[in-house]
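Numbering (my numbering), first residue to last: 1294 to 1529.
Cβ coordinates follow ideal geometry from the N, Cα and C atoms, glycine included.
Taking it in order: structure first as structure tokens, then the write-up.
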Amino acid sequence: MSTDRTAPVDTRMTGILHDALRRDLDRTRTALTASIPPANSQRVALADHLMWMMEFLRLHHRTEDDTLWPLIRRLNPDAAPLLDRMDADHASISPGIDRLRAAAEAYRTDGSAHARDAVITALDGLEAPLLPHLRREEDETMPVVARTITVGQWEDWGHDIMKDRPKLELAREAPWVLDGLDDDRYRVVTGALPAVPRFLLLHALAGRYRRASATRWGGKVEVTPRRSRRHERRPA
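Here it is in structure tokens:
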């Protein structure tokens, strides 16, 4: 990312966060529709992860609605119709977040086919409005954001929304976001982290994330960043 605080902002982080959501919603569907349903430990891990993702998604939308969109409206009044559409999208997605979270919570303690099917139905209901919204935000709204605010304003906004977040929650998010990233997008994420937290998040917590992911998805699902896979396979 640019170190010039007056430069136009690089908004690729938004797409990276969206991709993490899309990736794990897809993994969830694959696990739930497999010929052999999840066993108890996997079912609980899946349900917990779904509930966490719904909280993440709700927070993601709230920070945009409460702070980012008002900033863009103030600096770029012509963006109002587009931001109105973003607000309407978020409102239409909100009930689906609640339904999927409730279905996941029920599935956590009920491994029946009925409870599993209820999660799949709720997943369908969420993705119908969510996936087009994510693409619209990336293709239409983020270019407007990039033309409207600077690197400095984006960094200040990011600092404001992160300063009160629990450190353990940030530690959970970082390896989840890095999962599967190529070199360019890996650098976007790690470049936004201060040096000490970056070292801890990239090294101390990676093993914990891999173990949790193996419980959720099975050991054959690769969850390390793609760049790390190349390094691990390099001959000695």
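- In the three-state scheme derived from DSSP, where H, G and I count as helix and E and B as strand, residue 1360 is classed as helix.
- Out of 1355, 1390, 1400 and 1364, the CA that lies nearest to the CA of residue 1346 is found in 1390.
- With fewer than three CB-CB distances shorter than 8 Å, the stretch 1325-1335 does not count as touching the stretch 1349-1357.
- Rounded to the nearest angstrom, the Cβ distance from residue 1437 to residue 1372 is 5 Å, consistent with a contact under 8 Å.
- Counting other Cβ atoms within 10 Å of its Cβ, residue 1458 stays below 16 and is therefore classed as exposed.
- Residue 1301 sits in a strand when the DSSP states are folded into three classes.
- Between residue 1503 and residue 1339, the C-beta gap is not smaller than 7 Å, which leaves the two residues out of contact.
- For residue 1326, the secondary structure class from DSSP, reduced to helix, strand or coil, is coil.
- Of all alpha-carbon atoms in 1473, 1486 and 1330, the one lying nearest the alpha-carbon of residue 1413 is that of 1330.
- The Cβ-Cβ distance between residue 1392 and residue 1421 does not fall below 7 Å.
- Under the three-state reduction of DSSP output, residue 1517 falls in the coil class, being neither helix nor strand.
- For the set 1469, 1478 and 1326, the Cα lying nearest the Cα of residue 1407 is the one of 1326.
- In the DSSP assignment, residue 1394 falls within the alpha helix (DSSP H) that extends over 1373-1402.
- Following the DSSP letters along the chain, one finds residue 1476 inside the alpha helix (DSSP H) bounded by residues 1476-1483.
- By alpha-carbon distance to residue 1468, the top candidate from 1455, 1482, 1456 and 1476 is 1482.
- The alpha-carbon of residue 1426 is positioned some 19 Å away from that of residue 1470.
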